[in-house]
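Scroll down for the structure; my scribbles are underneath it.
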Amino acid sequence: MPIVAQSTETTDWVSRFADEVIAESERRAPGKPGVVVASGLSPSGPIHLGNLREVMTPHLVADEVRRRGHEVRHLISWDDYDRYRKVPAGVPGVDESWAEHIGKPLTSVPAPKGSPHPNWAEHFKAAMVDSLAEMGVEFDGISQTAQYTSGVYREQILHAMKHRRDIDAILDQYRTKKAPAKKSQKPLDEAELEAAEGSGAAAEDDGSSGSAGYFPYKPYCGNCEKDLTTVTAYDDDSTELTYACTACGFSETVRLSEFNCGKLVWKVDWPMRWAYEGVVFEPSGVDHSSPGSSFQVGGQIVGIFGGEQPIGPMYAFVGISGMAKMSSSKGGVPTPADALKIMEPQLLRWLYARRRPNQSFKIAFDQEIQRLYDEWDRLDAKVADGSALPADAAAHARAVGTAAGELPRTPRPLPYRTLASVADITAGHEDQALRILGELDPANPIASLDEARPRYDKAEAWINTHVPADQRTIVRQEPDAELLKSLDEPSRQSLRLLLDGLADHWSLDGLTHHVYGVPKVQAGFPADATPKELPPEIKTAQRTFFALLYHLLVGRDTGPRLPTLLLAVGQDRVRTLLGE
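Each residue of the sequence shown is one higher than the one before, starting from 15 at the first, in this note's numbering.
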């Protein structure tokens, strides 16, 4: 699947980052095959569409590197050994009793009631894994619970404790600093700060500092499992560590060379992993531009572990049409799984591929999704006929497939707004839906709804879950006799013109031409006259005519596109409702 040639003027942002990643990987390890890119996700609650940018940015770059014939590994670190910080609102099967688990590792917190998964982290991780599979995202997942509790990071932990004064000195440079005010930037709220950090550990402190000194390691209590602990003593030679728990009063002394129930604090943990995994590319949230952020501090701490900071962009927030910015700490926030119920994976991939990481954008769950689909279909047509701009063609190629091949697609991708209208009108009656869709193009009718799937199913799901009941279309059972009786002669004439040509124009294109043509003919112009050839009042006449048809057919001023609505209602019923 070729991507556009590499040049400054024509390449897309993914290609430019791929160039940099390949060059940086070669600089760090000349002649050594393999490039490592990384993402970090915290399954502390629903993993939302803002978090998806943390994955899609390196995924798209890794895929481009892979297309060029290089070995590449995309790591997703599941930060499931982070502390459970709070009970997210709006999660089904969760109540205030989950507050008793605050401070425990996410993998030690029970899953929501009714979940088939063994713990909180696995419950929220599973939905994301399924969504990434549907989107064609290839990755290697790493459970930080498994890494820490199996002793994989033992040497790194001991090394950090040995160099705790050096780490403390770096952190101390930022503890009293505040980010300079930016007049052009709105203040970030708590939810945005959490999303910006990328990890659920964003609010974690940077280590305990008391009479015994600074320690970059946080034990989980051996009695209550919570991290409300303070290290009170540590001996470098024996690695004996003493801690006390402020939650339950438990205290014990352990050998850190054998102890596996704790973790490095976040601002040390992240750079340690960069060095351990050899990460070359990893994006970071917008708040990492401020002094003292995890990414900036990590850039200095990583040297203590013998590594280098990854290159990578700062990414902007992702919003939802009609909703505030997203945070997994708040209930009702759409996830990739929610988006994939109403849109094909190609469209969702395209939304992330077409915008540079530092550009914010919105994902539509409202009527805007129809416009987005129209835009996508136009691009699809331009790519097919070779008229798409190079960067647009590249974004399209990244959306429809990966280095491994194309994603499954709808065989007959009919317009989303048409499919939504049909699903709305037929209300689950597949035989009626097939009848209508079969009449859209009489010369090449679809023989089965499977030809229009999965797009039809996505449009139907959107109608059923995101269109308010009072906006759904209900076709009249009987003619509106009172309205028909009250019509003046011009209105009656317009209905006669429509009905006289109904049979000859019974297709989507034919009815589109016919419905728009009636007011033109009635005013003495040809039905195919262009807007430039018509006086402005024709548009007013069209709107008046359309409103009349909607009232007679569905009892409202507006509704689905009239050609689709007419096909859905059927010729016989249209004639009855229009008074023939």
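From the three backbone atoms N, C-alpha and C, an ideal C-beta is built for every residue, glycine too. Given the structure is predicted, the values throughout are model-derived calculations rather than measurements.
Exposure label - residue i; buried when at least 16 CB within 10 Å
i      : result
PRO350 : buried
SER252 : exposed
LYS232 : buried
PRO201 : Note on PRO201: pLDDT 46, under 50, position unreliable in the model; the coordinate value appears next. It is exposed - the Cβ of PRO201 has fewer than 16 other Cβ atoms within 10 Å.
GLU496 : exposed
ALA378 : buried
ILE488 : exposed
SER213 : Residue placement at SER213 is poorly supported in this model, since its pLDDT is 44, which falls under 50; the coordinates still yield a value, given next. With 16 or more other Cβ atoms within 10 Å, it is buried.
LYS176 : exposed
PRO305 : exposed
ASN133 : buried
ARG189 : exposed
GLY54  : buried
ASP399 : exposed
ALA408 : buried
LEU581 : buried
ASN237 : exposed
SER164 : exposed
ALA215 : For ALA215, the predicted model reports a pLDDT of 46, less than 50, meaning its position is unreliable; a value from the coordinates is still stated below. It counts as buried.
THR121 : buried
ALA193 : Any reading at ALA193 is ruled out, since the residue's pLDDT is 49, under 50, leaving its predicted position unreliable.
Residue i versus residue j - alpha carbon distance
i      : j      : result
GLU136 : GLU492 : 54 Å
PRO106 : ALA125 : 11 Å
GLU444 : ASP241 : 55 Å
SER157 : ASP96  : 11 Å
HIS62  : VAL101 : 16 Å
ALA52  : ASP250 : 32 Å
ALA258 : CYS235 : 8 Å
GLY45  : GLU38  : 12 Å
VAL108 : GLU114 : 12 Å
ALA32  : VAL414 : 19 Å
SER341 : ILE334 : At SER341, the pLDDT of 46 sits below 50, so the modelled position is not reliable and the matter cannot be decided from this model.
ASP599 : GLU40  : Only positions 15 to 594 of the chain appear in the structure, and residue 599 is not among them; the question remains open.
THR159 : SER58  : 13 Å
LYS356 : ILE450 : This sequence places Ile at residue 356; Lys is not what is there. Answer to the nearest angstrom: the Cα atoms are 21 Å apart.
ALA174 : THR479 : 51 Å
ASP26  : LYS546 : 38 Å
ALA19  : ARG81  : Any answer about ALA19 is weak, because its pLDDT of 32 lies below 50 and its placement is not dependable; what the coordinates show is given next. Cα to Cα, ALA19 sits roughly 13 Å from ARG81.
VAL245 : VAL282 : 16 Å
LEU481 : GLU169 : The identity of residue 481 in the sequence shown is Val, whereas the question assumes Leu. If I take the Cα positions, the gap works out to 55 Å.
GLN585 : PRO574 : 17 Å
ILE36  : GLN310 : 23 Å
Among the options, nearest to residue i - alpha-carbon criterion
i      : options                           : result
TYR248 : PRO60, ASN65 and ILE171           : ILE171
LEU454 : LEU428, THR159, ILE477 and ALA473 : LEU428
ARG423 : PRO533, HIS177 and GLN360         : GLN360
LEU516 : GLN373, ALA555, ARG587 and TRP476 : ARG587
ASP464 : PRO456, ASP494, ASP484 and LEU433 : LEU433
LEU563 : ARG510, PRO324 and LEU548         : ARG510
LEU501 : ILE36, GLU110, PHE559 and ASP391  : PHE559
ASP471 : VAL436, TYR167, ALA483 and GLY452 : VAL436
THR243 : GLY584, VAL529 and SER265         : SER265
TYR430 : ALA475, GLU594, ALA561 and TRP92  : ALA475
PHE273 : TYR162, THR71 and ALA43           : TYR162
Span of the beta strand (DSSP E) around residue i
i      : result
PRO44  : Note, PRO44: premise wrong, no beta strand (DSSP E); not H, not E.
VAL595 : There is no way to answer for residue 595, as the model of the chain reaches only from 15 to 594.
LYS118 : First-last for LYS118: undefined, no H or E at that position.
HIS88  : 86 to 92
THR244 : 243 to 248
LYS232 : 231 to 233
THR267 : 265 to 269
ALA541 : Note, ALA541: premise wrong, no beta strand (DSSP E); not H, not E.
ILE377 : 375 to 377
THR256 : 254 to 259
SER307 : Premise fails: SER307 is in no beta strand (DSSP E) and is neither H nor E.
Rounded Cβ spacing between residue i and residue j (contact assumed at less than 8 Å)
i      : j      : result
VAL49  : HIS84  : 6 Å
GLY117 : ALA261 : 6 Å
PRO285 : VAL332 : So it is not a contact: roughly 26 Å between Cβ atoms.
ALA417 : ASP186 : Not really, about 45 Å apart at Cβ, beyond 8 Å.
ALA576 : ILE439 : Looking at the sequence itself, residue 576 is Leu, so the reference to Ala does not match. About 12 Å separates the two Cβ atoms, so there is no contact after all.
ALA367 : GLY320 : Contact doesn't hold; Cβ gap of about 35 Å is too wide.
HIS88  : ASP154 : 7 Å
PRO60  : VAL293 : No, PRO60 and VAL293 are not in contact; Cβ-Cβ is about 26 Å, not under 8 Å.
Limits of the alpha helix (DSSP H) - the one that residue i falls within
i      : result
ILE477 : 469 to 480
VAL332 : Element bounds for VAL332: not the alpha helix (DSSP H) but the beta strand (DSSP E), 332 to 334.
ASP406 : 404 to 414
LEU386 : 382 to 399
ASP352 : 350 to 356
TYR167 : Segment: none, TYR167 is in no alpha helix (DSSP H) and carries neither H nor E.
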